[in-house]
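Trainee: One structure is given below, represented as structure tokens, and several questions about it will come after.
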Amino acid sequence: MNVASARVYFHVGKVVGLEGHEFLHCHRFKDVNLNWEGDYFYIDYEKIQMDILQELIGAGALAYFSHLSNFPGFPFREQGVYTLGTAEAVLDQAKVSGNYELRIQAQTIEDLENIYRAIRTGSIRPEPERSFEADQGGKSVEKLEQELGLAKLRIKELEKIQSSVRMLLVDLHGSVDGGWPLCWKKSIKTAAVKILKVL
29 MNVASARVYF HVGKVVGLEG HEFLHCHRFK DVNLNWEGDY FYIDYEKIQM DILQELIGAG
89 ALAYFSHLSN FPGFPFREQG VYTLGTAEAV LDQAKVSGNY ELRIQAQTIE DLENIYRAIR
149 TGSIRPEPER SFEADQGGKS VEKLEQELGL AKLRIKELEK IQSSVRMLLV DLHGSVDGGW
209 PLCWKKSIKT AAVKILKVL
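Going letter by letter, the sequence shown gives residues 29 to 227 in my numbering.
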């Protein structure tokens, strides 16, 4: 990997507070123009002087190094999330058919270069649970639709049972007045009313 294709990202809040930061038409730190993206300043790795980079790293301003590239889909490389040292890389299909897209973030330029080299040479693989090519778990759409249909039928059956129970309770409530002992009548009517309220 040519390190010229890497970028260095810095925390905006950490850089702005440092002596040497200025803002006229753009943000600068000493002799370096910084690009601004959300919470980060960034610059191409090849454009920053090493003494300035080390000063920013020493001040805790470094967020990460990054790299983005495309390369041919042959030889085959397993798509997924790779880790090595402080680096994490995502290898996926590129928009150009048959190519890979590789995105890397790392805390050191050495880790960035090492994971790039390991992926390109095929000496590293993603952990099985982070591979994009592992056997897919879960249920198919057809299976989910089948289960949904069965669940809807079961709901209809339960609604019919609920309706039948309601009718039986109404009948029970009305027929308790017969020859039942008084204490039972009151208990049964109270229970029937409670159940009817729930149904």
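Glycine residues also receive a C-beta, built at the ideal position from the N, C-alpha and C atoms. These numbers were taken from a predicted model, which means no experiment stands behind them.
By the three-class DSSP mapping on this structure, what secondary structure does E141 have?
Mentor: Start at 1 with the first residue of the sequence shown, and residue 141 comes out as number 113. Correct three-state label for E141: helix.
Trainee: Among the candidates K42, N61 and Q77, whose CA atom is the shortest distance from the CA of A91?
Mentor: For the purposes of this step, residue 91 is taken as residue 63 along the sequence shown, with counting starting at 1. A91 has its Cα closest to that of K42, out of K42, N61 and Q77.
Trainee: Taking the straight line between their C-alpha atoms, what separation do you get for Y37 and H53?
Mentor: For this step, residue 37 is matched to residue 9 along the sequence shown. For this step, residue 53 is matched to residue 25 along the sequence shown. Approximately 20 Å between the Cα atoms of the pair.
Trainee: Between R95 and Y144, is the Cβ-Cβ spacing less than 9 Å?
Mentor: Position 67 of the sequence shown, counted from the first residue, corresponds to residue 95. Position 116 of the sequence shown, counted from the first residue, corresponds to residue 144. According to the sequence displayed, residue 95 carries His and not Arg. Contact: yes.
Trainee: Can the beta-carbon of A34 be found less than 9 Å from the beta-carbon of L172?
Mentor: Looking up residue 34 in the sequence shown gives position 6. Looking up residue 172 in the sequence shown gives position 144. Going by C-beta atoms, A34 is not nearer than 9 Å to L172.
Trainee: Tell me the DSSP bridge mates of R35?
Mentor: Walking along the sequence shown from the start, residue 35 turns up at place 7. Note: R35 sits in a beta bridge opposite D72 and S94.
Trainee: Does the segment 99 to 112 come within contact of the segment 151 to 161, defined as at least 3 CB pairs closer than 8 Å?
Mentor: With a cut-off of 8 Å, the segment 151 to 161 and the segment 99 to 112 count as touching, because enough Cβ pairs lie within range.
Trainee: Just curious, the alpha helix (DSSP H) that G150 is in, first and last residue?
Mentor: The sequence position of residue 150 within the sequence shown is 122, counting from 1. Element bounds for G150: n/a, residue is neither H nor E.
Trainee: Taking its Cβ as the centre, do 16 or more other Cβ atoms sit within 10 Å of R182, making it buried, or is it exposed?
Mentor: Against the sequence shown, residue 182 aligns to sequence position 154. By the neighbour-count rule (16 or more Cβ atoms within 10 Å), R182 is not buried but exposed.
Trainee: Using three-state DSSP, classify V221 as helix, strand or coil.
Mentor: Counting from 1 along the sequence shown, the entry for residue 221 is found at position 193. V221: helix per DSSP, three-state reduction.
Trainee: Report the rounded CA-to-CA distance for A87 versus G45, giving the unit in angstroms.
Mentor: The count along the sequence shown starts at 1 and reaches residue 87 at position 59. The count along the sequence shown starts at 1 and reaches residue 45 at position 17. If you take the alpha carbons of A87 and G45, they lie about 10 Å apart.
Trainee: Just to confirm my understanding: we take N61, look at its own chain, exclude 5 residues before and 5 after, and list those with CB closer than 7 Å. What are they?
Mentor: Numbered from 1 along the sequence shown, position 33 holds the residue referred to as residue 61. Counting only Cβ-Cβ distances below 7 Å, and skipping sequence neighbours, we find C54.
Trainee: Please list, in chain order, all residues of the same chain as E50 whose beta carbon is under 7 Å from its beta carbon, the five residues on each side excluded.
Mentor: Taking the sequence shown and counting its residues from 1, the one referred to as residue 50 is at position 22. Cβ within range, chain order: R56.
Trainee: Name, in chain order, the residues that DSSP records as bridge partners for Q135.
Mentor: In the sequence shown, counting from the first residue as 1, residue 135 sits at position 107. BP columns for Q135 are empty, so no partner.
Trainee: Within 10 angstroms of the Cβ of L130, are there 16 or more other Cβ atoms? Answer buried if so, exposed if not.
Mentor: Taking the sequence shown and counting its residues from 1, one reaches residue 130 at position 102. That one is buried.
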